[in-house]
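In our numbering, the protein residues as written are 585 to 633.
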């Protein structure tokens, strides 16, 4: 049981890391997209991903 808990903890850490990494890239991409989009058209709202 102890080994199982350790494996679960490791998986959770990996998933959390991947999730935060994905969020980081997504926010950077959204910033880039929004900046580009905003320059082109001032009136239309920014499309949600």
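Ideal Cβ placement from N, Cα and C applies to all residues, glycine included.
Exercise. Alpha carbon to alpha carbon, how far is residue 613 from residue 603?
Worked result: Counted from its first residue, the chain shown places residue 613 at position 29. Counted from its first residue, the chain shown places residue 603 at position 19. Each residue's alpha carbon lies about 15 Å from the other.
For this session: Please go through the same chain and pick out, in chain order, the residues whose beta-carbon is closer than 6 Å to the beta-carbon of residue 609, but skip the five residues on each side of it.
Result: Here residue 609 is taken as the residue at index 25 of the chain shown, counted from 1. Excluding sequence neighbours, residue 609 sits near nothing in its chain.
Exercise. Distance, Cα to Cα, residue 599 vs residue 616?
Worked result: If you number the chain shown from 1, residue 599 lands on position 15. If you number the chain shown from 1, residue 616 lands on position 32. Approximately 26 Å, taken between the alpha carbons.
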